[in-house]
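*Asks:* Each residue of the sequence shown is one higher than the one before, starting from 300 at the first, in this note's numbering. We put the beta carbon where it would ideally sit given N, CA and C, even for glycine. Got a structure for you, questions after.
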Amino acid sequence: MNEESNLDAQFALIDRDNTDTDIALSKGYSQSSVNNPAIAYLLSLGSKKSRQTMGSFLNIVAKMIGFQSLRDCEWASMRRHHILAVMDMLSNAERAPTTINTYLSALKGVALEAWILKLIDTDSYQHIKQVKSVRGSRLSKGRALATEEVKKLFFVCDRDKSAIGVRDGAVLSVLIGCGLRRAEAVSLDHSNYDRRDRSLKVLGKGNKERVVFLPNGAYQRLEAWIEEVRGEVKGPLFTRIRRHDDTTNDRLSSQAVYHILDNRRVQAGLEKCAPHDLRRTFASSMLNNGEDLMTVKDAMGHASLTTTQKYDYRGNERLREASTRLDIG
């Protein structure tokens with residue numbers, strides 16, 4: 300049995316009705332595997348976050364078809380009908396169109412690298428390249444926080460006079476007040492803060508820098524963090540704090556930001572929310588204040604207006620108001 304037939308056989312063994320794509324992922328990848336097109340594809344991506352995301356997707360695909368991880372998957376045997384089968388399984392698992400299309404993008408990227416490495420022929424690559432994206436959309440699972448929720452969130456931080464309370468208030472202020480992704484926030488260094496200009500220089504997706512400006516509340520909390528706790532030393536802007544307010548110069552992790560928000564929102568009695576919801580809150584607040592879409596796009600570091608429009612959570616409220624004005628007798 301040749302490699303392609305072997306891959307076909309592994310697909311045939313999968314129970315499509317019970318496919319679980321939420322699988323524990325393998326730990327990273329070895330850069331020494333130079334002939335692995337999946338690793339070559341990941342190395343071609345521009346950011347660590349992109350490599351982590353696409354690497355996770357490729358690990359899931361590898362396990363879906365019977366391999367341990369992307370490192371031992373027979374990518375050279377991949378053909379168009381295998382791609383279609385993966386998309387079908389993801390659809391049956393009720394994955395959103397955008398999610399399925401991200402998987403497709405990753406697999407096309409692997410196919411390109413396999414072709415460059417002369418592991419698949421031109422016809423096979425062109426057939427994979429022609430696979431069309433899935434059409435459709437789903438309502439976002441995220442939300443924008445109401446003004447009262449934001450006030451409650453900052454209230455619980457401000458009343459906590461410990462070093463952790465001061466830091467948490469500063470972190471959440473920057474997320475809500477500047478619309479930063481949590482990876483952007485934890486990547487900030489003290490040198491990125493311009494006190495005179497009340498601004499931060501942010502390195503975002505696509506290795507693109509932008510400047511964001513701090514609203515007054517965010518500026519005051521960031522100043523309190525630096526003046527009262529962190530100090531003016533070089534290094535990460537937001538750092539870990541051990542027990543008993545033992546400050547360090549260790550960079551805060553993205554996961555730590557998640558725990559900070561979750562802890563504070565429980566204290567504030569708020570419903571579940573994620574760090575990215577604070578970014579949604581920033582966008583909706585800007586739009587509610589009458590800022591144009593282009594301004595919000597630039598502030599958030601988006602490449603297109605289409606992406607920014609997805610962060611506009613005013614739609615349901617406008618529809619609700621329009622419905623109340625409708626007289627049908």
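Below 8 Å on the Cβ atoms is my guess for Leu551 versus Leu474; work out the distance and round it to an integer in Å.
*Replies:* Reading the sequence shown from its first residue, position 252 is the one you call residue 551. Reading the sequence shown from its first residue, position 175 is the one you call residue 474. Their Cβ separation, rounded to whole angstroms, is 12 Å, which puts Leu551 and Leu474 out of contact at 8 Å.
*Asks:* Which of helix, strand or coil does DSSP assign to Ile627?
*Replies:* Taking the sequence shown and counting its residues from 1, one reaches residue 627 at position 328. It is coil, neither helix nor strand.
*Asks:* I'd like the list of long-range same chain contacts for Ala443, defined as Cβ closer than 6 Å, with 5 residues on each side in sequence excluded.
*Replies:* Locating residue 443 in the sequence shown gives position 144, counting from the first residue. These residues qualify, in order along the chain: Arg579, Thr580, Ser583 and Tyr612.
*Asks:* Give the DSSP-derived three-state secondary structure of Arg529 in the structure shown.
*Replies:* Here residue 529 corresponds to residue number 230 of the sequence shown, with the count starting at 1. DSSP places Arg529 in helix when its eight states are reduced to three.
*Asks:* Identify whether Val556 lies in helix, strand or coil by the three-state DSSP scheme.
*Replies:* What you label residue 556 is simply residue 257 of the sequence shown in a count that begins at 1. Here Val556 sits in helix by DSSP.
*Asks:* With a threshold of 16 other CB atoms inside 10 Å of the CB of Arg494, please say whether the residue is buried or exposed.
*Replies:* Looking up residue 494 in the sequence shown gives position 195. By the 10 Å Cβ count, Arg494 comes out exposed.
*Asks:* Return the bridge partner residues of Phe512 from the DSSP annotation.
*Replies:* Taking the first residue of the sequence shown as position 1, residue 512 is located at position 213. According to DSSP, Phe512 shares a beta bridge with Ser498.
*Asks:* Is DSSP giving Asp545 helix, strand or coil here?
*Replies:* Numbered from its first residue, the sequence shown carries residue 545 at position 246. Here Asp545 sits in strand by DSSP.
*Asks:* Relative to the ligand NAP, is the shortest distance from any of its heavy atoms to the C-beta of Leu383 smaller than 7 Å?
*Replies:* With respect to the ligand NAP, the structure offers nothing, as it holds no ligand at all.
*Asks:* By how many angstroms is the C-alpha of Glu447 removed from the C-alpha of Asn587?
*Replies:* As a first step, residue 587 must be located in the sequence shown, where it is residue number 288. As a first step, residue 447 must be located in the sequence shown, where it is residue number 148. Roughly 15 Å separates the two Cα atoms.
*Asks:* Kindly indicate which residue of Lys347, Asn334, Ala337 and Asn335 has the alpha-carbon position closest to the one of Gly505.
*Replies:* What you label residue 505 is simply residue 206 of the sequence shown in a count that begins at 1. The option with the nearest alpha carbon to Gly505 is Lys347.
*Asks:* Which residues does DSSP pair with Ile252 in a beta bridge?
*Replies:* In the structure as shown, the chain starts at 300 and stops at 628, and residue 252 therefore has no counterpart that could be examined.
*Asks:* What residue range does the alpha helix (DSSP H) around Gly476 cover?
*Replies:* Residue mapping note: residue 476 aligns to position 177 of the sequence shown, counting from 1. Run containing Gly476: Ala462 to Cys477, per the alpha helix (DSSP H) assignment.
*Asks:* Nearest chain C C-beta to Leu452 closer than 8 Å, yes or no?
*Replies:* The structure shown contains no chain C, having only a single protein chain.
*Asks:* What residues in its chain sit with their C-beta under 6 Å from that of Val532, if we drop five residues either side in the sequence?
*Replies:* What you label residue 532 is simply residue 233 of the sequence shown in a count that begins at 1. Nothing meets the Cβ criterion.
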